[in-house]
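full-length UniProt numbering applies: residue 1 is where the sequence shown begins, and numbers increase by one.
In this text, a Cβ means the ideal position worked out from N, Cα and C, and glycines have one as well.
Inspection log for the structure reproduced underneath, given as C-alpha cells.
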Amino acid sequence: MNGWQFTGTNEPLTLVEKSDPVATPGTVIIDVKSAGLCHSDVATLRDPGWMNILAKVPIILGHEIAGVISEVGDGVTDYKLGQRVAVCPVGKDGLGPGNGRDGGYANKVLVPAVDLVPIPENVSFAQAAASTDAGMTSYHAMFQKGGAKAGMKVGIIGIGGLGQMAARAAVVAGCEVYAAEVSAPARELAKEIGCKVVVEDVKELAEYAPELIVDYAGFGTTTADAIDTVAVGGTVVLVGMGKLQSNINTSNLILKSVQLKGSVGGTVEDIAAILQLMSEGHLNPTISEISFEEIADGLERLERHEVTGRLVANLE
C-alpha cells in the first residue's frame with residue numbers, strides 16, 4: 001500500500017510504500033476511495049503539542065475515510081465484501097485512524113467493523129468522507145452537546161468544513177442560525193445555506209443574544225468572544241482546535257452563568273444522521289476535490305486558508 005506518512009513537527013509528509021494491512025478478527029480492510037483533509041492535520045504538522053495525541057510516530061494521517069470493503073476478518077457478520085462504508089474516526093477501542101493507527105491518506109486501511117457506517121446509494125464517496133469527522137463532529141457538538149432544537153437562536157463561528165454542515169443541519173432542524181466567518185466567500189456560503197444573519201466577527205451577534213454558540217474555529221479569541229456574546233444562561237461549545245490555548249473573561253463566564261463545553265468527535269449514530277440528511281437532499285456540503293497525489297499540497301492550501309468548504313482527496 002501507499003500512504004502519506006507523518007514523521008514529526010514541521011516535517012513534510014512523505015509518500016511511502018508499506019506492506020498491505022491484513023484483516024484480523026473483528027476488522028475489515030477498506031480500499032479507500034475518498035479521504036477528507038482536516039485542519040487538525042495541519043495542526044499536527046505545525047504544533048508540537050499534537051505529538052502527545054498520536055499513539056505512534058511515524059504514522060499515516062487521515063481520519064475521514066470512505067471506501068469499499070476488500071477483505072473481511074473472522075467474526076464480522078454485519079458487513080460484506082464490496083460494501084460501501086464510511087469510517088467513524090473515533091475508534092471504540094480508543095485507536096482511531098490517523099492518530100491511533102495508520103489512517104486514510106493511503107489506498108488501504110484496516111478498520112474495526114464496529115466503527116463502520118453503511119453509505120446510502122445516492123451519497124458519493126467524497127460526501128461520505130466529509131460526513132465522518134466534519135459531519136459527525138459538527139452534528140454531535142450542535143445537537144448532542146449544544147442541545148440545539150427547533151426555534152432556538154444558534155450562533156456558529158466558522159463556516160468551514162464543519163461549520164457549514166452544522167449550520168445547514170440546524171437550519172433544517174428549525175433553528176434560527178447566525179454565523180460569524182472571516183472569509184468573504186464562506187460568508188456567502190452561509191447565506192446560501194440559510195443562515196439568518198452573517199457577520200465577520202462573532203461579537204457582532206451580541207444584539208441577537210444567541211442561546212447557543214458553537215465555535216468550530218477555536219482560535220483562542222473566538223471562544224473568548226463567544227462567551228462575551230452568548231445570551232445570559234447560554235451555552236458555548238468549543239470544537240475547533242485552531243489554537244490550543246485561550247484567555248477568557250471569567251467574570252462574564254460566571255456572572256452570565258454561561259456553560260462552556262468541549263466537544264470532540266461523535267458516534268456512528270451521528271454519522272448515520274448526517275448521511276441520512278445527505279441522502280434526503282437536505283445537506284449538500286461544498287466539497288473541493290483533489291487527487292491522492294495532491295494530499296500534501298492540499299494540507300498546505302488548508303493552512304493558507306485557501307479552501308472553501310471541505311477538501312477531499314479521491315483515490316478512484
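Between residue 298 and the set 39, 24, 267, the nearest pair of CA atoms involves 39. Residue range 184–192 is occupied by the alpha helix (DSSP H) that includes residue 191, with no beta strand (DSSP E) assigned at that position.
With a cutoff of 9 Å on beta-carbon distance, residue 194 and residue 216 are scored as not near each other. Pairing residue 125 with residue 314 gives a Cβ-Cβ distance under 9 Å. Apart from the 5 residues on each side of it in sequence, residue 141 sits with its Cβ closer than 6 Å to the Cβ of 214, 237, 239, 263 in its chain, given in chain order. An exposed status is given to residue 77, since fewer than 16 other beta-carbon atoms sit within 10 Å of its beta-carbon. The distance from the Cβ of residue 116 to that of residue 90 is about 13 Å, inconsistent with a contact at the 8 Å cut-off. DSSP places residue 259 in no alpha helix (DSSP H) but in the uninterrupted beta strand (DSSP E) bounded by 259–262. Under the DSSP assignment, residue 304 falls outside any alpha helix (DSSP H); it carries neither an H nor an E label. DSSP lists 17 as the bridge partner or partners of residue 2.
Taking 8 Å as the upper bound for CB-CB distance, residue 69 and residue 85 are in contact here, some 6 Å apart.
Counting only runs of 4+ residues, the alpha helix (DSSP H) found wholly inside the stretch 221–248 occupies 221–229, in chain order. Inclusion of residue 64 and residue 130 in the CB contact set at 9 Å is warranted, their separation being smaller than that value. Partner residues in the beta bridge of residue 288, as assigned by DSSP, are 311. In the DSSP annotation of this structure, the continuous segment of the alpha helix (DSSP H) that includes residue 168 starts and ends at 161–172.
In this structure, residue 164 lies near residue 310, with their beta-carbon atoms less than 9 Å apart. In the three-state reduction of the DSSP assignment, residue 155 falls in the strand class. According to the DSSP assignment, residue 268 belongs to the alpha helix (DSSP H) that extends over 268–279.
Under the 10 Å beta carbon count, residue 284 is surrounded by fewer than 16 other beta carbons and is classified as exposed. A contact between stretches requires three or more CB pairs, one per stretch, nearer than 8 Å, and the stretch 146–156 fails this requirement with the stretch 271–285.
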